[in-house]
Every structure is written in C-alpha cells, then in structure tokens.
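Shown next as structure tokens:
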C-alpha cells in the first residue's frame, strides 16, 4: 500500500474532487477494503456498515461466490463491455432471472437493460408509459425519490435535488403518499376523487409511479391495501402502474420484489442498486410484454451491457434466490431488527418506521439524528439518516450480516440514542 | 463452456429481453470472450472489432495491465461500491488524472463523479451551467448527441431518440454545427448574429454545449477556428462553454482531450466511455473551480463511486498517458487510416469524414452503408454506420490495435465498398 | 331590420362561423336588442337573462346612465382606441376608481390595464408574481377557472379546456379548494403541510391564485376563514396572494370586491367581466405598489386602452358605488334569492351553492341540469349550468333586475325543477 | 370639459396607474378627441397621428360611417355583450365578411371569434395546429411579434417581452426570417435543410407561423417567393401554414390580407387590430374547414361577442371593401410614401424598409430614431420606432389620411431627419 500519510492523501480530494462530494464529509476516512458487513479504512480500522451502499450491497461487500465468479470471468477474458449485443454473461443473467424470479411468480416481464443507474431505469419507464398512453402527466408521491436526471427528478420530491436542476421541472403531478396526512386520511381516496373529477386540474395520467417503502423519503412504508387501491386507480384511469423497486427490492424488505405477496402486478418495475449483487452499476426496467413497444435503441446508453455486473448478478440469483432459505433468513433478521428498534424507540418515546431490513427510528429532528449517526461513526458504525429533515436514523445493514455483528451494531445505535437523547434531556433540565 | 446450442441460447433473449435491443440485431451472434481488437463468439469465431463499444474500448478489450490491476484489486477485497466516500481507488485515479492529464495542460478542473453514464455527466453539466448563470436556455447543435435522459435528450438532435421521450423537450435552442449549411456559410457568425439581436427570439444562454467531432451525428469534425469562435461567443454572451468529450475524448482523436492543442479552455468537460479504460461504467464532469458551486449531494447517484472503474482508469492513465508514446502511436495509425479511407472514398467518388481514429466514409445513403456493414460482418468485422441517415461507415477501432489487424480490417472494408458499390453500379447499368 | 327569414340568417352562422360556438347551441335564436334583464330575439320575443354575460352584465344590458355617457362620448369624437396613452376617459376611470373603490377601503393598488380579457389580466398577474419572487411554481385550486390562454390555462382546472391546449401545461401545482374533500377535511392545513415539507415535491410558490367563489367550477364558495388561512400560508412561504375576482367581483357577491369585509389584502387582484359595466372588453390587474416592477410595455397589448370601456366603467362607478345604496339592494336580492333556491333545493332533496347573487342548486347530474335549463329557455329564461359535470343550475341575474322580474324568473326555475325531477321520479317509478 | 389643470390630472396616472405604461412616456399629453388622422390633446392642440393605434386605426379615428352605425346601434339598445350567441350584429359582420372578403378570394375559412386581442387569436391558432397534427413544436421567426400571453409569447422574438414571462417559454423553435442573414442567404432553404434532416434536432412542426411584414420587428417584409417557399415547406412536412395578419392586414399593405395576390392559401389566419375598423377590441382566427375541429367552447372567453365591434367592423367592410376603390387609393398613397421615404433615406445614406402603408426608414440606431420621433412630436406628429434596437422610424398613418395631411406629416419627418442627422454630422465634424 501507499506510504503517504492520511493527511496528504485526503488532500488529493480537497484539491481535485468537486464540492458535490457528500458521504466523505460524514465519514472522513480513506476506505480501502471491505468484506461482508465490514469495511476497513487505510489504517486498518474496521467499521460495521449499516449503510450498505444505500441498499446496493444487500449481499455484503465482496461476497465470496460473486467475487469468485467475477475473477474467473475476467481471468478468462470475458467481455466486459458489450453494448447491447448478445453475450454469454447476459444470457446467464437473463436465464437465471427468468428461472428464479419471473417464472416462480408467474410474471412475464421483458427485461430492458437501461443505462446502469436507477435514474436511467426510471427515465426509461416514464418514456414507455408516455408512449403507451399518449399522455404526458405522471403521478408521483410526496417524499418519493427516483433519481436526479431531469425526467426522473421531476418525479422526485426532495427540494434540494429539485432546486439543483435550476430549471422548472414538468410533467409530474404530486399525490400524497400513504399516511401523509396522518392515519385517518386515506390519500388513495383523495387521488381517486381528483382523477374522477374532470375539472380537478389533474390531467389524465400516463403512469402512477410509487415506491412501496420510501427509503430516501424517511422509511415511509405503504400498506398493501393502499398499494392495491393505487393499482386499481391506475387501471381505472388508463395509467400504467409503475413500482420503483430500486431501493426496496432485491430482498431488502424480505422478498425479491418489495411487493411480493401483496397481490400487485405492476406494469413496469424499475430495479438497480443491489441487482448486480456486488455493487456494480446495473439497472433494468421490467416491462409487461404489451408495453414493450420500444423501437430498437430508442432508449440507449453506452454502458447498458455491463457484463461484469451480469456475471455477479447471475451469481447472486443462483446463490440467494434459488430456494427460500435466504428469504427466511432475512425475515428472521428483520424480526430481530424490529424488536431492537422498537425497544430503542420506546425508551425515548419515539417511533420506528419502515419494513423488513429497511427500518429506522424517527428522532425529534435532523440535528438529533446527525448527532446519533456521528456518535455511531466514532464507535465504528457507518449509518445515516433520511427523511424530509434527515430525522430518521436508518438501518440498511447487508442482509447477509451475521446475527452477532447485527446485534453489536444495534448496541452501538442503542447507546448513541441513549447518549444523545439522554444528554439532551440533561441539557433541557 | 455451455453445451446448449446457439438457437436455444439466443431464444432466451427472444423470450426475456426487451425489443429495445439493437446491436444484437446487426450482429446476431452470442459473444463470449474478447482480447485487444478481437472478439470471439461462442463458436470460437474471431471478429475484428471496429466498433470498440462506440469508443468505450479505446485501449481494446481486456487490456493486460488494466485486467491485472482489476483482478489484484478484487482479489484483495478492494471496495467495489463506495458511494462518494474517500477510497484508495478513487484517490489513485484522481492523483493520476491530476498528474498525467490536468497538470501538464495547466488545467485546474474539479472532478465530479456523476452517475456512471455519459448522459448523467451531461445532465450534471447543464444543471451547473443553469445554476451558475440563472438562465434556462442551453444552445446545442444540429446532429449533436448527448444522451437520452430527459435533460440530455433535449440537447440531442436525433429524431428517433427525441420522439422516444413522448413528451416535449425544452430548455435547449438549436444552432447549426460547423459546415451544416455547406463550406461557404460560417454558422458561428449566424449564432453570433442571433445572440446579438435582442429580438431574435434566442434567449440568453446558460451554456453552449458542443462536441468537437460528432460521433453519432456522422463524424462531423469542427475546425479549431470555428470552436474558438464558439468559445468566444460563449464568453461574450455570458454562457458557459461546455465540451462533451464523451465519444471523442480519451485519445480517440489523438490527444487525451479531443480539443488538445486547439487553444480552448472549456468551462466544463464531460467524459465517459473510454475513461475507465476497460469499458466499465464511469463518467465525470470536469468543472472550472469557479463554477463548482454544488451543495453536497445536490447531484447524486448510487453508482458514482464505481471503484473497479477507478482502478482500471488509473491503470489506463499510467499505462498510456504517462508519456507521449501512445499519442504518437495513435497519430501514426490515424494517418494510415486517413490514407486508406481516402483511397476507398476516391475509388467511389465519395468523401471521408472525421478526425484521428474517428473517421469514416460517407456513402450515398443508409441502405448502402448497411449493406457494406453487413458484408463486413460476414467477413468477420464488426462495424457500424452513423449520421442522420446512417450513411457514414464509421471506423472506431481500438487505438491499441496492431498495424496488421488494422490493415486487415480495412481490407475487409475496402472489399465491401467494392462489392456493394460495384454491384450497385452493375445493377444501375 | 333585415327581411330575410330566420332560417336563412342562422344559415350564415352554419356556413361561416367556427364549430367552437357554444351558447348559440343552447339558445338557438337570433338575438337583437337588450335592456336591463331582458333580451329580445329578432322576432321580438323577450327573454329574462339569468346568465348576464357570465357575470359581465351585473348592471344589466344598456343601463341608461352608461349608455348615455357612451353615446355622448362617441358623439363628441372621444378617442376610442388610445393604446396606453393618457386620455381624458382613462383619467376619469382612474379617478373614480380611486375615489369610490380604493380610498374607502384603504387600498393603494396600482392599476394595470392589460389586454381587455380576464385571461390577459391573469397572465399579467402570474408574470409579475414570478418576476417578484424569482420562482416558477404557481399554486391554483381544483375547479378553478382563470382563462384559456396558455399561462392562465395552466391554472385552470377544467379538463376540456386543458386538453384544448394540445400541449402539456406547466408551472402550476394544484391544491384542493375549500371543502374539496368534504366538510371535515381542512384543505388549507394540507397545503401548509406540503409547503412546510422540503421533500413534498411542491416547489416554493411564486403565488397562490384563488377565486373566493368558483363560478365556472360549480359555485364553490370559500369561507372567509379558509381564505385568511390561505393568505397566511402565502405570506409565510414567500408567495404572492392573488385573488381572481373576474367573475365574483363588481358586486356579484355583494361588495365591489368579493373579499370585502373578509380581512384579506391580496397582493394582486384581477378584474374584468362587469368592470366596464356595459359588457365592453376591459380588464385590469391591481397591484400592490411594491410589486409593480414592470418595465414600460413589458406586458402590452393593442387594446389595453379601450376608452369606450373607460367611459362606461367610470359611469358605473359613479352610478352604483358612490354610496352604499346599491350594495344594500344587492344584499336584499341575494337574501331573497337564497330563500327561493333553498325552497327549491329542499323540495327535491338537493342543496344550494354559492354566495350573494351568485348562487345555484346542485342537481343530481349534468343531464338533469341541462334538462332544467332547456325547459327554462322554452319558458323564456336564459340560464346555464356549471360545475365539473355541469350539474349546478346557476343564477347569474343582473344585480339591477327588478324584484318582480327576479321573482318571475325564479318561478320558471322552480317549475322546471318540478317538471324535470317530477318527471324523472315518474320515469323511475 | 374638466376644469382641473393638466398637472393635476396627469397626477392621477402617476398615483394610480402601473409603471407598465409606455406610450404615455413618449407622448406625455392628455389626449381627448380624435377625428380621422388628427388627435387632439385637452388643450385643443392637434397632432397628426402616424401611429394609428399601431395599425388598429387604418380607417382613422371616429370614421363617420362607422361612428354613425355604432351610435345608431347603441341608441336602439342593440346587444353590447353577447357571449357567443347568435346576434344580428354578428350575422351582419359574418355576412359582410363572407361577401366582400372571402367569396371574392375563393376562400372558405370558418371564422372563430376568440377573446378580443390579437394574442388570443394567436393562442387559438396554435392550439388548433397542435390538435390537428398531434405535434407540439411550432416554428416562428426571428423578430416576429405575436403577443405576450404565454402561448403567443413563446413565438414572439422580442427579448424584453420574453423576459417578462419570468418563466421559460417552450414549444417554439426559431427560424430565420427572409433576409435575416443578408440578401445572399436563402433562409427558407436553411429551414428545409433542418426539417429534412432527422437528426437536426428540429422536431416535426405543428405549424409555421409567420408575418408577411414584421411590424414590431422593424418592418421586415418577406418576398412573395420566400413566403411561397415557406408554405411549401409547411405542406411538405405536415405542418399548418399560419399567417399572423394582425398588424399587416386590413389594407395596411394594400389588399385586405397582406398576402393578397401572392398565391398563398394559409391554413389559418389571425386578425385583430383594424378589424373592428374603429379601434374596438375584436379578433378572429380564420380556419380552413378541415382544421375547424374545435369542440364547443373548447377555446372560449367572456368578450368573444363584442357586438359593438361587429357593427363597426361590418360598416368598415361595406364602406371600404365593397369595391376596389379604397385599395387603389391605398396603393397611390403607398407609392407616394415610398417616394418620400426613399428621398429621406437617400439624403442620409439610409435605407427604407417595409411595404405598402407600412414603411419606414432604418436609422443608425435607437437613440437616433428616438431623437427623430421626439422632434416630430414637438412639431405635432405622433410617430414611433420599431426594430430590435428601435432603430426604424415607422410610418403607420391612417390609410384614409388626406394627401395633404400625409404630405405635411412627411415634411415634419423629413425635417426631423435633417435636424438630427445634420446635427449629428455637425457634432461629428
């Protein structure tokens, strides 16, 4: 390894990297290696990773099966970049995806490899919905996050990102997510009211775009019943029903799809983040055959054939989704996580949010949550907050984390809540 | 390797992959391995690659130094996915980029790692320009190609891609590229006329966005003089001057930047394609410090920390750009390429287009060019056409191709022109 | 008069006038003269006018004082068309408006003469709000109607008109009007919730644009309390508070402004319809001095100096608003109207809607309301329906109508309800 | 008349009228009466009107036949405001328009009465074109002026007005007007080039919208040949050909339509300004029957039935267009105007611009033109400048002006040019 000291090496970033950098401000260390749920800085210090690449590392860092498959592939001069040509690696991924994911669920989606970012998958989905319906308006939800390229950004709720466009965003109408106006207001009924009223000012929609659990939005989890109502509204009003499963999919909430078992059949599903299994850039748009009306290359992109990612993605499907074992394991961990977070929340009069391995505790505000996350980092835990005011301390541990490491990490979280809320109590007294 | 026959395996694509697939229609083989300028199908047949991932594989497939560096990195459990945290791999890339690219050219760009697609880098560039100027209008050029996400797509000229949006594209005004109205019309003067006329209807621009050679647009190469005039117009009217160097950069036209030696200092440069050196998804936006006004994470994306790509990109810089040897080699090959293409063009009363290792021959139309490309493929050469009517047969060979393989590939091209234009002559007689 | 028969003369319209014509389909007679609340067809048949030019004829047809003032003016060769030059007629109007309207209310609005349509006044108001705030987003309400030019149309809720644009409408976010989700949901609280949430996806607004009573929207009357809450929300979030008083103003709901006495001080008020008093095209935008940041002619229009309208408008102010007599008279008639409509509504299990002389009865649907209006017309009463489904039979009688004629007109309405709902009962049995 | 002094009365405007006022700054007098080409201020001073309401008073102020018809109509309690109901006044106008304008020219336009502003007619035209074609993009020209409501403003070239929107304008692509790049560049060929190139970035147009003479744009007159080429381009590319004849129509350039005798048959024509003949607000959109696809009231507006204007418009058609006398008279005056202006231009090395009674002299810049206009006003002549820099001194005299008054007015212009350019010469020496 390099012998230069930390200060010197971080200076490279100060000198050459754009001010847009963000996580490096919260976690100002030079990271180097990572295995499973552990990430090491260049001094060799180990950190437990409760961020997991914002749910891009559901199977942990450098998962051995995936790593081996990738090294084998590269060693054999497997194609790395394949545009959208037929390759062995892509065939492997598609066959695995069909066998382990689509067929068992009775789904016949066509798989589109978009540019390898979640935003790009969302852009493709919105284009298709507009093509299919001849309509412009897309309905997206309060606190939704769908990416920051201009088409996806119009659907994203976050004000900082929206202002970053520095140009008005159009083509999207906002509806209220499940529970947005409190538990007593059914926001799906409100949407139905507006769409049924020809003078409401809400134009007939091309699509309704929704996350089942809003990761960036603060771990807001929609109920299955509300989602079914939204799907029914989409059907009734001639709109495509699109689930953005980029953060909540790939096992994060339990099933491969976050909507498994809810009785939903979205017309389009967008996936990215943990799809490659190893954190490599990969995104797909899953499309019901009747809406797969693309002309060849109508939506394209240089890196839509990231074959390294196909290899690791196929390995992940074979390793984790060939039978129900992994799903059961995630369910057990999620139950444990719920239990621990509820205990923390109860101790401080707070509430938990989220679903599956995508849960957190809503603090009293962003400053409090930041203080907790900072304290955790000092103790060797990488964790962040989300929500409109960054007020929800969010646990996104690798799904493959050991029970022991999960418990230890949660101990740190527990202690940090105690320290911060305790000290605040003390300060208030 | 797999024993299933070709028909069965291609059937997976027919069954599961979206209709959007495109190159696989022109090259309907299952590809498998690739080394240098050669790509192999699963029957073991070798093809010379004159497409090179649309200029994403300037150093060839699986270049040994890059491949070795990547395998070493993965084997050592190097971080694959790092969000935008500080990592050893990123530091390595930034330090190499500063040392071999920026410093020798006296440039002080800040490097932003955007989502790892060229379109994403363009989206970031346009946001910054709008932020910096408080203006909305971006000037882009006829036949320009900048990606297909909504913000970038507004700047792209291609009608098929524009229609794919199925929604009006706004925020961009079109100007005529160098030579668009023939050699006698100075289109930069026309742009100046419009911008100087307060009632022309062309709103004051946030940016002028230009490619030095329009790869997708048909290998239209702008003169250095015209580009300098465009830069001067941008300065005079308070607009940022942005060069999209995604396809023409990384040595494709000779220098690392396609505008090396032209006396240009763009305010923002976008790069992707060959930047990672091995075809891995990576994109950056280079920003003059005074315009690097991003708030942390204002433009973000899950895969902006593709550390595998940092490793190969750094290796590529060390291998190819530490001294002038590679650049000289590319210049020699480019001269040879010019010579060969001019001979082909002259033989058929056609003309060559492009610059450096990004040249082609303009045929009489798309059908003719398709016939030529198809014939080449039958002979073991992968090549495509570009331009408004797909009328330009385009050579995008790896820059590292051997003289012998380059010559052999060009022999195939020469023969294909002869066969198609000869047979057409015959048919016409 | 012309000697050609009715059929021949209506044939001119069939032959030469566009299909866009509308009221002539409901009232297929050739009209000729009109006085007060009575309009005559060319056969000399008299109709009572409960439509009053959609509230453009609040003082009735050819009100004698206004008519005399106009004839005098024209006879003396008074300037008809004055662009925006200073004219005696404009001075007269401004002085009267200041004396009788602004000063007594302690208002210091600057008066902008926009193009002489309500839509044009709304367009001007939205431009100013965007200029003043540097923001793009305007909040408008469900069922609002603000005109059909592109800027105003974006704020209009009506689906038929929106689709007429045949292009996406942007720059406006929709909020729910008072009572939209029923009496138990405070929609102002909902708006506050969204604007206070930085990730709601509702961008910071330039303006909140509201009608106090939605005439076209179905006579939805906002409560003073709700309007004050909306005004407070606008102030809190840095938006201009704009009241569109085009249909509800000029005495229609009692006071000169529909918001008189509600404790509101909108930043901008738009007026048109009955402003000229005689149905002549005139529109103004009233602007708080601090927002009157127009450059000369920045918003212009050929007919912004309709001096005939200035003359009749000034005469209307002198005749009706110099003291409180007219306002008291309108209040008495409105009370009588309420009483009669409630009786009709009660008789059929329906409900009344609206406020002042802008009230109606909500039927069970558009077909029913059409049948009632048609029957009224057969009996010599001109009346129409409004609302999302044209389900509200709307009384917009001239405010100057005699008690006797008002009563007689309401007798016709009463009978029509009886006939239609009675016959429907009979049909249902 | 009022006895208050001028200062006091102008103070009303200072106190109450918006800063947007414009002409009153150039002509700071209180105007009162006007007859023919003469306008009087309240001191009784007579001014010759070479502005004519920006071509809204082609028949002069208070033309006796029109004035008499209007007084008769009002005296007889003729309907003033008729929404879009059938009225005797409207029938009279339509019948006259058909008899004297459409039938002699073999045109079968359907007449739509839009809101009574030119901008509103343009908005209607653009909606129809988008409906008819299902396309969004409208092509408009450099220096074009079509109004300032958001839809029309997008087509307007003037930067001050565009910035007034304070929001991006979309849906319009700009093309270069005839002669924009000098006499040697055929801008129609350039447009054809762009539309024939599928990658030019110019989307397939719904319409091409053009003025035959750009009044506000600086009296740029397109040649008949260029206009025919533009019409042919529209047909070839499936776009509607729309002529905005608002300023150049109604005899201003000679014929009733500015395109009379040019071999053009636009799909839609917009008219306003002088259509009512007396300066009253009136606008129409003339539509080929196959494009008159409006649903009833799809485009509406309260004042679309300005019956006073129908009466004066019908009278104007009967008085001026029943035979060819007026047209011949205008031709004679236009020839005289040309002769006089050429003499002025020649004397100062300048050039004339425009066509018919819509001509002017291009000075060396806006300041010079302002000085000339100011001097004229001091001498009793109302005149203004237009063009990108307000550099063209523009004569828009009433077409009915006497030869004597026209000559006297031109003497003032001549002297003003002499004084200003002479004094500048003196200053320069």
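Residue numbers (UniProt numbering), protein chains in the order written: chain A, 1 to 429; chain B, 1 to 429; chain C, 1 to 429; chain D, 1 to 429. Even for Gly, the Cβ is constructed at its ideal location relative to N, Cα and C.
Skipping 5 residues on each side, what residues in its chain have a beta carbon closer than 8 Å to that of residue 284 (chain D)? 111, 112, 113, 114, 121, 270, 271, 272 and 275
Report yes or no: is there a C-beta of chain A within less than 8 Å of the C-beta of residue 127 (chain B)? yes
Span of the alpha helix (DSSP H), counted from its first residue to its last, around residue 319 (chain A): 307-320
Please tell me whether residue 181 (chain A) has its Cβ less than 8 Å away from any Cβ of chain C. yes
Leaving out five residues on either side along the sequence, give the residues of the same chain with a beta carbon under 7 Å from the beta carbon of residue 84 (chain B). 113, 304 and 305
Would you list the one or two residues that DSSP bridges to residue 9 (chain A)? DSSP lists no partner for residue 9 (chain A).
Who are the near neighbours of residue 161 (chain A) in its chain, counting only those whose CB is closer than 7 Å to its CB and skipping five residues on each side? 148 and 153
Straight-line Cα distance separating residue 52 (chain B) from residue 253 (chain B): 14 Å
In the DSSP assignment, the alpha helix (DSSP H) including residue 330 (chain D) goes from what residue to what residue? 325-348
For the candidate residues C:191, C:109 and C:164, whose alpha-carbon lies nearest to that of residue 139 (chain C)? C:191
Under 8 Å between the Cβ atoms of residue 310 (chain A) and residue 67 (chain A)? no
Residue burial classification, residue 45 (chain C) (beta-carbon count within 10 angstroms, cutoff 16): exposed
In three-state DSSP terms, what is residue 216 (chain C)? coil
Using a cut-off of 7 Å between C-beta atoms, extract the partners of residue 162 (chain A) located in chain C. 203
Spell out whether any CB of chain A is found under 8 Å from the CB atom of residue 140 (chain C). yes
Residue closest to residue 144 (chain C), alpha-carbon to alpha-carbon, out of C:82, C:185 and C:219: C:219
7 Å Cβ shell around residue 80 (chain D) - same chain, five flanking residues per side excluded: 307 and 308
As assigned by DSSP and simplified to three states, the class of residue 270 (chain B): strand
So, is the C-beta of residue 95 (chain D) closer than 8 Å to a C-beta in chain C? yes
Suppose contacts are defined by Cβ-Cβ distances below 8 Å. Is residue 215 (chain C) in contact with residue 358 (chain C) by that definition? yes
Residue 202 (chain A) vs residue 174 (chain C) beta-carbon contact at 8 Å: yes
Tell me whether residue 118 (chain D) sits in a helix, a strand or coil according to DSSP, three-state version. helix
Is any beta-carbon of chain A found at less than 8 Å from that of residue 3 (chain B)? With a pLDDT of only 43 at residue 3 (chain B), under 50, the local geometry of the prediction cannot be trusted, and no value is derived from it.
Measure from the C-beta of residue 15 (chain C) to each C-beta in chain A and report whether the shortest distance is under 8 Å. no
Interface positions of the segment 51-63 of chain D facing chain C (Cβ-Cβ less than 8 Å), listed along the chain: 51, 53, 54, 56, 57, 61 and 62
State the DSSP-derived secondary structure class of residue 503 (chain D), mapped to helix, strand or coil. Since the displayed chain D opens at 1 and closes at 429, residue 503 (chain D) lies outside it and no answer follows.
For residue 32 (chain B), which three-state DSSP category applies? strand
Local Cβ density within 10 Å of residue 3 (chain A), reported as buried at 16 or more and exposed below that: Residue placement at residue 3 (chain A) is poorly supported in this model, since its pLDDT is 43, which falls under 50; the coordinates are not used for a value here.
So what does DSSP say about residue 180 (chain C), is it helix, strand or coil? coil
Is there a Cβ of chain A sitting closer than 8 Å to that of residue 77 (chain B), yes or no? yes
Take the Cβ of residue 363 (chain A) as the centre, count every other Cβ of all protein chains shown within 10 Å, and call the residue buried at 16 or more, exposed below. buried
Can you pull the chain A neighbours of residue 197 (chain C), defined as C-beta to C-beta under 9 Å? 142, 143, 157, 159, 180, 388 and 389
Relative to the C-alpha of residue 39 (chain A), which candidate in A:415, A:119, A:398 and A:318 has its C-alpha closest? A:398
Members of the segment 257-285 of chain A near chain B, C-beta cut-off 7 Å: 272, 273, 278, 279, 280 and 281
Step through the CB atoms of chain B and report whether any lies within less than 8 Å of the CB of residue 149 (chain A). yes
On the three-state DSSP scale, how would you describe residue 190 (chain C)? helix
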